[in-house]
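**Q**
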Amino acid sequence: MRNAASILKERKSRQRPETGPEAVIEVEDLVTHYGDRKILNGISLEVRKNEIMVIMGGSGSGKSTLLRHLMALEEKTSGSMRILDHDIDKISRKEFLDVRKKLGVAFQSGALFSSMTVGENIMLPLYEHTELDRMTMEIMARMKLEVVELSGFEDLMPSELSGGMVKRAAFARAIVMDPRVLFCDEPSAGLDPVVASALDDLILDMRDAMGMSIVVVTHELDSAFKIADRITILDRGDILMIGTVEEVLNAKNDRVQALLNRTPEEDTMDPDDYLNRLVGEENPGTAHL
Amino acid sequence: MAEQKPTASERVESVGKSTVGFVEAMGNGGIIIVESAYWLLFGVRERQAVRLSAIIQQMMEIGVNAIPIILMLTGTIGVMLAIQGIHTLRIFGAESRVTVGIAFSVVREFAPLITGILVAGRSGSALAARIGTMKINQEIDALKVMGINPTRFLVVPALVAMLVMVPALTLMGMFMGLFAAGLYVNADLGISLAAYFYDTLDILSLDDMWHGLGKSCIFAVLIAVIGVVNGAGVQGGAEGVGKATTRSVVQAISAIIITDMIFAFVATR
Chain X
7 MRNAASILKE
17 RKSRQRPETG
27 PEAVIEVEDL
37 VTHYGDRKIL
47 NGISLEVRKN
57 EIMVIMGGSG
67 SGKSTLLRHL
77 MALEEKTSGS
87 MRILDHDIDK
97 ISRKEFLDVR
107 KKLGVAFQSG
117 ALFSSMTVGE
127 NIMLPLYEHT
137 ELDRMTMEIM
147 ARMKLEVVEL
157 SGFEDLMPSE
167 LSGGMVKRAA
177 FARAIVMDPR
187 VLFCDEPSAG
197 LDPVVASALD
207 DLILDMRDAM
217 GMSIVVVTHE
227 LDSAFKIADR
237 ITILDRGDIL
247 MIGTVEEVLN
257 AKNDRVQALL
267 NRTPEEDTMD
277 PDDYLNRLVG
287 EENPGTAHL
Chain U
4 MAEQKPTASE
14 RVESVGKSTV
24 GFVEAMGNGG
34 IIIVESAYWL
44 LFGVRERQAV
54 RLSAIIQQMM
64 EIGVNAIPII
74 LMLTGTIGVM
84 LAIQGIHTLR
94 IFGAESRVTV
104 GIAFSVVREF
114 APLITGILVA
124 GRSGSALAAR
134 IGTMKINQEI
144 DALKVMGINP
154 TRFLVVPALV
164 AMLVMVPALT
174 LMGMFMGLFA
184 AGLYVNADLG
194 ISLAAYFYDT
204 LDILSLDDMW
214 HGLGKSCIFA
224 VLIAVIGVVN
234 GAGVQGGAEG
244 VGKATTRSVV
254 QAISAIIITD
264 MIFAFVATR
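Residue numbers (our numbering), protein chains in the order written: chain X, 7 to 295; chain U, 4 to 272.
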């Protein structure tokens with residue numbers, strides 16, 4: 007890891023907008039299980055307006071599960087969650103749909119629909135949720151492709167794009183409805199450092215230009231320190247700390263330092279859990295959509 | 004290392020797991036049917052109407068593209084029935100009555116059965132593979148976060164297209180099977196096509212046609228639901244998709260044949 011001074015100096019070179027006190031996502035005492043195994047153990051956090059919140063942690067720390075909860079994709083065991091001022095346990099289906107329209111997500115794999123062109127992928131939310139005519143939707147899709155620097159790629163199929171381009175196209179689809187919250191799952195995973203850095207810049211640019219809150223799950227330290235306003239560090243289903251980049255870099259906590267210095271932790275996994283994970287019984291998939 | 008034989012308790016556990024899995028799959032199938040009916044009927048009210056263009060696209064894939072193979076195989080079955088029928092009835096000197104056997108067999112049994120099996124192999128497996136691939140690529144999650152209900156977007160068009168196209172293909176298969184058998188009967192016994200069809204229409208009632216088409220509607224639902232349940236249950240990447248696809252074909256064909264037997268038993272007694 008680079009030293010803290012150079013990270014903080016680099017961060018100062020870019021002007022960052024103020025993050026308001028208003029929370030767009032509030033999570034209180036979130037507990038979740040996969041079968042008998044507790045994955046998240048009483049998580050409480052908030053994501054503020056206009057903020058980039060990075061969620062970090064080692065493998066199996068629960069960061070991807072937490073992200074899926076924040077996107078309202080998982081059933082929790084207990085706890086409460088408010089998204090855009092709506093308690094998601096108490097809202098009607100129609101209100102829930104309206105909330106969902108204000109969320110955007112760029113998955114790790116891009117999750118572009120392989121049977122559609124890039125342009126059709128980006129237009130899909132507009133096609134499903136608006137009454138706009140096709141020409142207007144095409145113009146909007148081209149505008150979003152321009153934002154992610156993919157102009158002229160709208161007629162290509164996702165399989166014809168490189169890994170970095172797929173992620174950019176996924177960003178374009180995620181922001182086409184001008185969401186208030188954007189979720190990014192491992193945006194720079196599997197990319198070379200130059201492309202990864204360009205994607206980090208894109209995340210910062212999108213926040214600055216569109217004023218949205220962004221939640222990023224990543225294990226890339228450089229990326230996290232570059233984009234984060236605040237960082238949440240998870241460890242085995244618990245929050246180890248939430249703080250600014252400076253606070254995280256200066257943290258005295260051994261486990262935080264171990265994560266920052268990439269010190270391998272002792273293998274504490276129960277052999278039965280490990281075996282179940284290998285045979286895929288740890289988190290049995292649901293056979294419904 | 005020699006493989007250990009499972010103990011009695013492990014066998015019981017395995018049977019228990021399979022039973023629970025079967026009941027769960029049946030439950031999921033029921034949920035999919037109810038959800039699909041809901042979105043079809045109330046999608047407009049929920050501001051998520053089922054798109055006609057998606058249904059037409061599925062109808063093209065499931066139905067129109069399957070026409071050549073359906074015609075070829077139902078025609079072959081018709082000729083085969085004619086050959087066997089004439090061969091058997093010749094023993095009693097009654098080969099001219101082969102039309103009766105052909106008409107009932109093609110319209111009530113073989114056209115719906117062959118069509119169902121072919122559609123299960125072509126489109127049921129494709130549906131399972133498509134949904135399975137979308138699941139492991141997180142495309143289903145992407146739909147949910149975009150506020151697009153996956154059942155409405157993926158399942159309803161396929162289910163409606165199956166419900167329209169499987170009976171339509173069955174109807175084509177009935178005519179093709181009867182026509183091909185007629186050609187053989189004409190060549191072997193010298194009965195003219197006109198006389199053959201006159202006999203056939205004389206024997207068949209509308210009930211026989213409904214018997215075949217009714218079955219094909221049930222097959223359509225079975226193929227779609229089994230494809231979706233297997234696709235949605237995919238785990239473990241590309242290998243999981245392959246397993247789900249194979250499982251979906253085997254289950255759909257088994258379900259079709261068992262349902263056919265039950266339907267024949269209930270409707271003929």
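Where a beta carbon is used, it is the ideal one built from N, C-alpha and C, also for glycine.
In this text, all values refer to a predicted model and were calculated from it rather than measured experimentally.
DSSP three-state call for X:D95: helix, strand or coil?
**A** Mapped onto the first sequence, residue 95 of chain X falls at position 89. Coil at X:D95, not helix or strand.
**Q** For U:Q141, go through chain X and note every residue whose CB falls closer than 7 Å to its CB, in chain order.
**A** Position 138 of the second sequence, counted from the start, is the residue given in the question as residue 141 of chain U. Here the neighbours are F113, S115 and A117.
**Q** Pull up the distance between the alpha-carbon of X:E101 and that of X:D93, whole angstroms please.
**A** Looking up residue 101 of chain X in the first sequence gives position 95. Looking up residue 93 of chain X in the first sequence gives position 87. Their backbone Cα atoms lie some 10 Å apart in a straight line.
**Q** Cutting at 7 Å between CB atoms, please list the residues of its own chain near X:L72, excluding the five before and the five after it.
**A** On the first sequence, position 66 is the one that residue 72 of chain X refers to. Excluding positions up to five away in sequence, the list reads L46, I49, I61 and L240.
**Q** Taking the alpha carbon of X:E252 as the point to measure from, which residue in X:R236, X:D244 and X:L265 has its own alpha carbon closest?
**A** Sequence index remark: in the first sequence, residue 252 of chain X carries index 246 (1-based). It is X:R236 whose Cα lies nearest to the Cα of X:E252.
**Q** Can you check whether the C-beta of U:K147 is within less than 8 Å of a C-beta belonging to chain X?
**A** Here residue 147 of chain U is taken as the residue at index 144 of the second sequence, counted from 1. Yes - at least one Cβ of chain X is within 8 Å of the one on U:K147.
**Q** How about U:I73 and U:G180: do their beta carbons lie closer than 8 Å?
**A** For the purposes of this step, residue 73 of chain U is taken as residue 70 along the second sequence, with counting starting at 1. For the purposes of this step, residue 180 of chain U is taken as residue 177 along the second sequence, with counting starting at 1. Cβ atoms of U:I73 and U:G180: not closer than 8 Å.
**Q** Rounded to the nearest angstrom, what separates X:G170 and X:K258 at their Cα positions?
**A** Counting from 1 along the first sequence, the entry for residue 170 of chain X is found at position 164. Counting from 1 along the first sequence, the entry for residue 258 of chain X is found at position 252. The alpha-carbon atoms of X:G170 and X:K258 are separated by roughly 36 Å.
**Q** Distance, Cα to Cα, U:F95 vs U:I89?
**A** To locate residue 95 of chain U, count along the second sequence from 1; it is residue 92. To locate residue 89 of chain U, count along the second sequence from 1; it is residue 86. Going from the Cα of U:F95 to the Cα of U:I89 covers about 10 Å.
**Q** Report yes if the C-beta distance between U:V252 and U:G119 is below 8 Å; otherwise report no.
**A** On the second sequence, residue 252 of chain U is found 249 positions in, with the first residue counted as 1. On the second sequence, residue 119 of chain U is found 116 positions in, with the first residue counted as 1. Taking 8 Å as the Cβ cut-off, U:V252 and U:G119 do not qualify as a contacting pair.
**Q** Excluding the five sequence neighbours on either side, which residues of its own chain have a C-beta within less than 6 Å of the C-beta of U:A267, listed in chain order?
**A** To locate residue 267 of chain U, count along the second sequence from 1; it is residue 264. Excluding five sequence positions before and after U:A267, none of the CB atoms of its chain fall closer than 6 Å to its own CB.
**Q** Buried or exposed: which applies to X:P290, given that a residue is buried once 16 or more other Cβ atoms fall within 10 Å of its Cβ?
**A** As a working mapping, residue 290 of chain X is identified with position 284 in the first sequence. Bear in mind that a pLDDT of 48 at X:P290, under 50, signals an unreliable position, so the model cannot answer this.
**Q** In chain order, what residues of the same chain lie with their CB nearer than 6 Å to the CB of U:E38, ignoring the 5 residues before and after it?
**A** Start at 1 with the first residue of the second sequence, and residue 38 of chain U comes out as number 35. Closer than 6 Å at the Cβ level, and outside the excluded window around U:E38, lie T154.
**Q** Whole angstroms is fine: what's the gap from U:M62's alpha carbon to X:S120's?
**A** Counted from its first residue, the second sequence places residue 62 of chain U at position 59. Counted from its first residue, the first sequence places residue 120 of chain X at position 114. Going from the Cα of U:M62 to the Cα of X:S120 covers about 20 Å.
**Q** Could you check the C-alpha separation between X:V222 and X:C190 for me, to the nearest Å?
**A** For the purposes of this step, residue 222 of chain X is identified with residue 216 of the first sequence, where counting begins at 1. For the purposes of this step, residue 190 of chain X is identified with residue 184 of the first sequence, where counting begins at 1. If I take the Cα positions, the gap works out to 5 Å.
**Q** With a cut-off of 8 Å, do at least 3 Cβ pairs link the region 175 to 182 of chain X to the region 109 to 128 of chain X?
**A** yes
**Q** Would X:G286 pass as an interface residue toward chain U - the criterion being a Cβ-Cβ separation below 8 Å?
**A** Here residue 286 of chain X corresponds to residue number 280 of the first sequence, with the count starting at 1. Legend: pLDDT at X:G286 = 48, less than 50; position of this residue unreliable, no value from coordinates given.
**Q** For a contact meaning CB atoms closer than 9 Å, what does X:P131 contact in chain U?
**A** Here residue 131 of chain X is taken as the residue at index 125 of the first sequence, counted from 1. Ordered by position in chain U, the residues that pass the 9 Å Cβ test against X:P131 are M149, G150 and I151.
**Q** Nearest CA to the CA of X:V53: which residue from X:R88, X:L227 and X:R268?
**A** Reading the first sequence from its first residue, position 47 is the one you call residue 53 of chain X. Per the Cα distances, X:R88.
**Q** Tell me where the beta strand (DSSP E) around X:A195 begins and ends.
**A** Stepping through the first sequence from its first residue, residue 195 of chain X is reached at position 189. Segment: none, X:A195 is in no beta strand (DSSP E) and carries neither H nor E.
**Q** Can you tell me which of X:I233, X:A147 and X:M163 puts its alpha carbon nearest to the alpha carbon of X:D300?
**A** Outside the displayed span of chain X (7 to 295) sits residue 300 of chain X, for which this structure offers no information.
**Q** Relative to chain U, which residues along the region 65 to 88 of chain X have a C-beta separation below 7 Å, given in chain order?
**A** M77 and L79
**Q** Beta-carbon within less than 8 Å of X:S157's beta-carbon, same chain only, minus the 5 sequence neighbours each way: which residues are those?
**A** Walking along the first sequence from the start, residue 157 of chain X turns up at place 151. Same-chain partners within the cutoff: R148 and L151.
**Q** Which residues mark the beginning and the end of the alpha helix (DSSP H) in which U:S219 is found?
**A** In the second sequence, counting from the first residue as 1, residue 219 of chain U sits at position 216. L209 to A235 is the extent of the alpha helix (DSSP H) around U:S219.
**Q** Which residues in chain X have a C-beta closer than 8 Å to the C-beta of U:V18? List them in chain order.
**A** Numbered from 1 along the second sequence, position 15 holds the residue referred to as residue 18 of chain U. Scanning chain X for C-beta atoms nearer than 8 Å to the C-beta of U:V18 yields nothing, as the closest lies near 18 Å away.
**Q** Considering only their Cβ atoms, is the gap separating X:S86 from X:D95 smaller than 8 Å?
**A** If you number the first sequence from 1, residue 95 of chain X lands on position 89. If you number the first sequence from 1, residue 86 of chain X lands on position 80. It is a contact, given that the beta carbons lie within the stated cut-off.
**Q** Could you check what DSSP says for X:E32 in three-state terms: helix, strand or coil?
**A** Translated into the one-based positions of the first sequence, residue 32 of chain X becomes position 26. Looking at X:E32 - three-state DSSP - the assignment turns out to be strand.
**Q** Is the beta carbon of U:L172 sitting closer than 8 Å to the one on U:V109?
**A** Start at 1 with the first residue of the second sequence, and residue 172 of chain U comes out as number 169. Start at 1 with the first residue of the second sequence, and residue 109 of chain U comes out as number 106. Taking 8 Å as the Cβ cut-off, U:L172 and U:V109 do not qualify as a contacting pair.
**Q** With a 10 Å radius around its C-beta and 16 neighbouring C-beta atoms as the bar for buried, classify U:Y187 as buried or exposed.
**A** Translated into positions along the second sequence, residue 187 of chain U becomes position 184. Buried.
**Q** When you compare the CB of X:K107 with every CB in chain U, is at least one pair closer than 8 Å?
**A** Taking the first sequence and counting its residues from 1, the one referred to as residue 107 of chain X is at position 101. Chain U contact via Cβ: present.
**Q** Quick check on U:D210 - is its C-beta less than 8 Å from some C-beta in chain X?
**A** By one-based count along the second sequence, residue 210 of chain U stands at place 207. Chain X, which has no Cβ nearer than 8 Å to the Cβ of U:D210, makes this no.
**Q** For a minimum of 4 consecutive residues, which ranges assigned as the alpha helix (DSSP H) are wholly contained in the region 153 to 210 of chain U?
**A** If we require 4 residues or more, the alpha helix (DSSP H) runs fully inside the region 153 to 210 of chain U come out as 159 to 192 and 196 to 206.
**Q** Runs of 4 residues minimum, wholly inside the region 18 to 60 of chain U: which ones carry the alpha helix (DSSP H) assignment?
**A** none
**Q** If you draw a straight line from the C-alpha of X:G286 to the C-alpha of U:G239, how long is it?
**A** One-based indexing of the first sequence puts residue 286 of chain X at position 280. One-based indexing of the second sequence puts residue 239 of chain U at position 236. For X:G286, the predicted model reports a pLDDT of 48, less than 50, meaning its position is unreliable and no value from the coordinates is stated.
**Q** Using a C-beta to C-beta distance shorter than 9 Å, which residues of chain X count as neighbours of U:A258?
**A** As a position in the second sequence, residue 258 of chain U is number 255, starting the count at 1. Neighbours of U:A258 on chain X: none; closest Cβ ~16 Å, over 9 Å.
**Q** Relative to the C-alpha of U:G217, which candidate in U:A40, U:R111, U:P9 and U:I86 has its C-alpha closest?
**A** Residue mapping note: residue 217 of chain U aligns to position 214 of the second sequence, counting from 1. If we check each option's Cα against that of U:G217, U:R111 comes out closest.
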